[in-house]
Amino acid sequence: MSVPLTIGRLIDFFSTPEAQIPFGLSLTSASVALVALFTLGALANAGRAVIMRLAGQRIIARLRTRTYSAALRQDVDHIERHEGDIVSRLAVDSSIVGDSVTQNLSDGLRSIVQAGVGLGAMFYISPTLTMLMLAVVPPVSLGAVFYGRYLKKLSHRTQEAIGDMTKTSSEALAALRTVQAYNAYPREEKRFNERVSRILALARQEAIASGIFFGSTGWSGNLTVLGLLGYGGTLVSAGTITVGDLTSLLLYTVYVGSGLQMLTTFFSSIMRGVGAAQRVFDLLERPPVIPPEVATLPAAATVRFEGVRFEYPARPGVDVLRNFDLEIKAGESVAIVGSSGGGKSSVHALLLRFFDPVEGRVMYGDVDVRRLPVSAWRSRIGVVPQDPVLFTGTVAENVAFGWEDAPREAIEAAARAANCEFVWGMPQGFDTPISRLSLSGGQRQRLAIARALLRRPAILALDEATSSLDAGSEERVNDAIDRVLRDRQTTCLIVAHRLSTIARAERIVVLEGGRITESGTYRELARNPDSRFRALMAAQLDAADGGRSRSVDEPAQAVEDGEEATEVREGEVLEEAKVDERRR
């Protein structure tokens, strides 16, 4: 800020014989002092840029870490409905916030000092000319306030639009095989282009607003300089001020104008940061639907669904379960059967506390699961979904998912129990890298069973574990399930359509219209001619046989055949166990 005053004094020094350099310095010493001062200023400016840049990156990293951690702990429904928006907050909003509170804040403080010191120097040189310059400041400041508020709203809408675009692209790319198989390129391109066009429209609004604002401020600044030159020239002619003073005044005017312009940019950037921060902190401060952990986890106990009514938050008013009552004793295996959309998978979702019932409760022993520690409760449950998810990494890392320090011996034992013999034939065994879709359906299912068994769960939840497998893969998966059921130390809740899986359960419950309509053993329900289970299996067999008309007795016979086959397999396994015992 000493540059304009120095230039003015130098002009007076060279244009006036009697002029003296301040502080009695010679021309050489004054030049050396100025060079040293400018060098110090350059070093300080470089240090400011480095420090603020590093601070901004640290803030961004911390925001992203905390936001991702908060997202992982939110309820499933919220994340699934706002997946793209969450990704946008992680990638874009956190970056805007970090820049706003570091680099932009630093520039703003610098502009405040620049404008304040410049105004002080101008008042020192000529209060009259300074008051003339200040006439333009209030309108510019008022315009900056309205521009900043408008930009804040526009920034919030823009980030939401970016979130929609991210969600659309993520959905299409994740299902690329389906898009290509159905030649749905035009549809997905149209959807994506609509999102991009919305972002472009918002950017156009911001561009027009910024153009009008900065154009008007530049115009008013130029008029101010012309006014200062005109009126300042008359003061120089009258001998009120010197040419050097007028030069310093004009330079300070440029400094103050630049500072005010930086202030308006700073204000608009801060407003943009506020809009982005609101989205980030909305997620950070959003309490999960699942309430706090307030009770200790009991030992293995009975699982009971008592008077449960449930509806998905995204579909309010549509009951999926109504007056649902089910008791599963410790170590018992229960299969839930019913038509598609009847609420079978919702039972698993309630058990895992992805959602909580609207009415009723889920009990574990004598404790409502809503009072149990969520992480500890879920660690007691092994899950085998219909379409298991594998993550990029090694086979061992996928089996040990959620247990980073799992010993290799335990991983191999779980894989062996799940019939994952194919792993030993891979190039690097358990250290073989795999990705989401690098294995067949049956191999993914068996790895999912191994993942579930690794923790030695008290409850095993199987959701259509064999519905999309071929006969060979189904047999291997069912063999792995048999081993778990024979152990009788794990409570099993099975959702299935296939007879080969259903027949393995000790008890079968039929779920229709959100209620249990009948319950019994496989033999009881299969041999009852009026059984709803028998009717469901008949419909399934008709569909599997291409709609061929069947007699009422055919499904029952097929069920009995499946039962006999199961009994034969159990007898063979029992004989093998006796032989192993004699060998030992």
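Heads up: the sequence shown is residues 1 to 584, going by the UniProt record's numbering.
Even for Gly, the Cβ is constructed at its ideal location relative to N, Cα and C.
From a predicted model like this one, the values you see are computed outputs, not experimental measurements.
Residue i versus residue j: straight-line alpha-carbon distance, rounded
i: E83; j: S111; result: 39 Å
i: residue 591; j: A349; result: With the chain represented from 1 up to 584, any question about residue 591 goes unanswered, as that position is not in the structure.
i: V87; j: G338; result: 37 Å
i: R53; j: Q103; result: 7 Å
i: P127; j: K153; result: 40 Å
i: A538; j: Q443; result: 30 Å
i: A263; j: R149; result: The question names Ala, yet the displayed sequence has Leu at residue 263. So the alpha carbons of these two residues sit roughly 14 Å apart.
i: D319; j: L447; result: 34 Å
i: S519; j: W377; result: 27 Å
i: L536; j: P287; result: 42 Å
i: R48; j: I59; result: 16 Å
i: L493; j: L439; result: 26 Å
i: A135; j: V254; result: 15 Å
i: A558; j: Q428; result: Here A558 scores only 45 on pLDDT, less than 50, and its place in the model is too uncertain to base an answer on.
i: R550; j: I481; result: Confidence at R550 is low in this model, with a pLDDT of 43, below 50, so its placement is unreliable and the value that follows should be read with caution. Straight-line Cα distance between these residues: approximately 31 Å.
i: L485; j: A330; result: 12 Å
i: residue 610; j: G472; result: Lying before the first or after the last residue shown, residue 610 is absent from the chain, which here runs from 1 to 584.
i: V399; j: E412; result: 9 Å
i: V97; j: T67; result: 13 Å
i: N323; j: R304; result: 13 Å
i: N193; j: R370; result: 44 Å
i: V367; j: G514; result: 24 Å
i: F214; j: V50; result: 29 Å
i: S15; j: V117; result: 27 Å
i: A418; j: I328; result: 24 Å
i: M133; j: Y147; result: 22 Å
i: S169; j: R198; result: 15 Å
i: S379; j: A201; result: 48 Å
i: M131; j: T224; result: 11 Å
i: V101; j: Q278; result: 14 Å
i: E311; j: I270; result: 42 Å
i: Q386; j: L321; result: 21 Å
i: L229; j: G41; result: 30 Å
i: P388; j: D463; result: 10 Å
i: A172; j: I449; result: 29 Å
i: R195; j: K167; result: 10 Å
Under the three-state DSSP convention, the category residue i falls into
i: R204; result: helix
i: V510; result: strand
i: G341; result: coil
i: T394; result: strand
i: S170; result: helix
i: R515; result: strand
i: A428; result: Reading the sequence as shown, one finds Gln at residue 428 and not Ala. Reduced to three states, the DSSP call for Q428 is coil.
i: E404; result: coil
i: S94; result: helix
i: N419; result: coil
i: S26; result: coil
i: M1; result: coil
i: Y182; result: coil
i: H82; result: coil
i: T16; result: coil
i: S440; result: coil
Status (buried if at least 16 other CB within 10 Å, exposed otherwise) for residue i
i: F38; result: exposed
i: A115; result: buried
i: T247; result: buried
i: S268; result: buried
i: I208; result: exposed
i: R62; result: exposed
i: T159; result: A quick correction: the sequence has Gln, not Thr, at residue 159. Q159 comes out buried.
i: A36; result: exposed
i: residue 623; result: The first residue shown for the chain is 1 and the last is 584, placing residue 623 beyond what the model contains.
i: L27; result: exposed
i: P457; result: buried
i: R408; result: exposed
i: Q445; result: buried
i: A238; result: exposed
DSSP beta-bridge partners of residue i
i: E327; result: R304
i: C492; result: S333, L460
i: E359; result: R309
i: G382; result: L460
i: N479; result: In the sequence as presented, Asn is not what sits at residue 479; that position holds Asp. In DSSP, D479 forms no bridge with anything.
i: L321; result: F310
i: G520; result: I508
i: I434; result: G393
i: V367; result: Y364
Enumerate, from N- to C-terminal direction, the unbroken alpha helix (DSSP H) stretches of 4 or more residues contained entirely within the segment 221–267. Fully enclosed alpha helix (DSSP H) runs of 4 or longer: not present.
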